[in-house]
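According to the working numbering, the sequence shown is numbered sequentially starting from 162.
Virtual Cβ for every residue (Gly too), placed ideally from N, Cα, C.
Since the structure comes first, as structure tokens, the remarks are kept for the end.
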Amino acid sequence: MDWQRLLPAWARRTATRAGALPPPAVPAALWQSTVALYPFLSRFTPAEDAQLQLLVAHFLQRKEFSGAHGLEVSDAMAVAIAAQACVLLLYWGEPAHALRWYEDFVGIVVQPDDVIARRKVVDDAGVVHHYNEELMGEAMEGGPIMLSWTAVQPGHALLGAHSNVVIHEFAHKLDLRDGSANGCPPLPAGFMGQHSASAARQAWSAIWSPAYQQFREQVICHERFGQPAPWLDAYGATDPAEFFAVACEAYWLDRERMGQELPSLVHALDAFFQRPPEH
Ligand SMILES: [Zn+2]
């Protein structure tokens, strides 16, 4: 079923500009098959599920998918990506309001497979090093999101049980919303009872900085001395931005276990994502 064509292209453009026309609902069968593929999407209440579907419909109205290297992005692929991207926005109210977090970009480029990118770094001695990096996804400020379809599908060999490349890249977009990828996204008014933006950032930092340092030490002890691996993906030890993105993956995929492993981060993410307290 070619769902995107339910609304003609001109109508999509008009709706996007004017924000007037409601988008077509995601067909039930397509939604059910998406939820079946990604079990963490099936744990929401009926009201949350309805909100997520609404967000997805609005997301698809605003974003443009393109396949690289001849990949054709099917409706099922677009809905799978949109559903996981919109999970992050679930408790942020009206779709038009919530989707402002993603308004700095329109394009989502889907690669058939992981991408080898040529990277360059200059070390402290001024020596230039070139290396290859395998990317499953990429998010840049003001630019499109890139995703490897191999990595988006369940069961990627390099991804653990609470890893999710779509949530990872869209978490970077949240972090980048204030212009810098530093692991501290713009915080909601009154975040954790704080009365000013700077106090909110301090409260955030007081939780995340020690957690990041402790995590880095755990990763080093695991890699060098064979101590048990930390629960979170070790990639989070790269820098605070990656730590935030990896923590968001774990939060949405297995919040309960994360509450046992990293309760302070769950507390902060509950406040950031504005998760209702009755959950
Ligand atoms: Zn990342």
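Is the closest heavy atom of ligand 1 to the C-beta of residue i under 8 Å?
{"i": "Glu302", "result": "no"}
{"i": "Glu295", "result": "no"}
{"i": "Ala406", "result": "yes"}
{"i": "His323", "result": "no"}
{"i": "Ala398", "result": "no"}
{"i": "Ala395", "result": "no"}
{"i": "Glu330", "result": "yes"}
{"i": "Glu439", "result": "no"}
{"i": "Glu403", "result": "yes"}
{"i": "His291", "result": "no"}
{"i": "His333", "result": "yes"}
Please classify residue i: is it buried, with 16 or more other beta-carbons within 10 angstroms of its beta-carbon, or exposed?
{"i": "Trp164", "result": "Any reading at Trp164 is ruled out, since the residue's pLDDT is 40, under 50, leaving its predicted position unreliable."}
{"i": "Pro371", "result": "exposed"}
{"i": "Glu417", "result": "exposed"}
{"i": "Pro169", "result": "At Pro169, the pLDDT of 39 sits below 50, so the modelled position is not reliable; the number obtained from the coordinates is stated separately. Exposed, by the Cβ-count rule."}
{"i": "Val407", "result": "buried"}
{"i": "Ile242", "result": "buried"}
{"i": "Leu334", "result": "For the record, residue 334 in the displayed sequence is Lys; it is not Leu. Answer is buried; the Cβ neighbour count reaches 16."}
{"i": "Ile328", "result": "buried"}
{"i": "Val427", "result": "buried"}
{"i": "Phe386", "result": "exposed"}
Report the partner residues of residue i according to the DSSP bridge assignment.
{"i": "Met301", "result": "The partner list for Met301 (beta bridge, DSSP) is empty, contrary to what the question assumes."}
{"i": "Leu308", "result": "Val271 and Gly298"}
{"i": "Val283", "result": "Val289"}
{"i": "Gly228", "result": "Val271"}
{"i": "Val196", "result": "The partner list for Val196 (beta bridge, DSSP) is empty, contrary to what the question assumes."}
{"i": "Val276", "result": "Leu296"}
Are the Cβ atoms of residue i and residue j separated by less than 9 Å?
{"i": "Gln355", "j": "Ala342", "result": "no"}
{"i": "Gln193", "j": "Leu232", "result": "no"}
{"i": "Phe434", "j": "Tyr252", "result": "yes"}
{"i": "Phe331", "j": "Ala411", "result": "no"}
{"i": "Asp275", "j": "Ser309", "result": "yes"}
{"i": "Met307", "j": "Val248", "result": "no"}
{"i": "Phe352", "j": "Gly303", "result": "no"}
{"i": "Pro346", "j": "Asp336", "result": "yes"}
{"i": "Ala390", "j": "Val380", "result": "yes"}
{"i": "Phe201", "j": "Asp415", "result": "yes"}
{"i": "Tyr263", "j": "Phe205", "result": "no"}
Can you tell me whether residue i sits near ligand 2, meaning its C-beta is under 8 Å from at least one heavy atom of the ligand?
{"i": "His317", "result": "Among the ligands modelled here, namely ligand 1, ligand 2 does not occur."}
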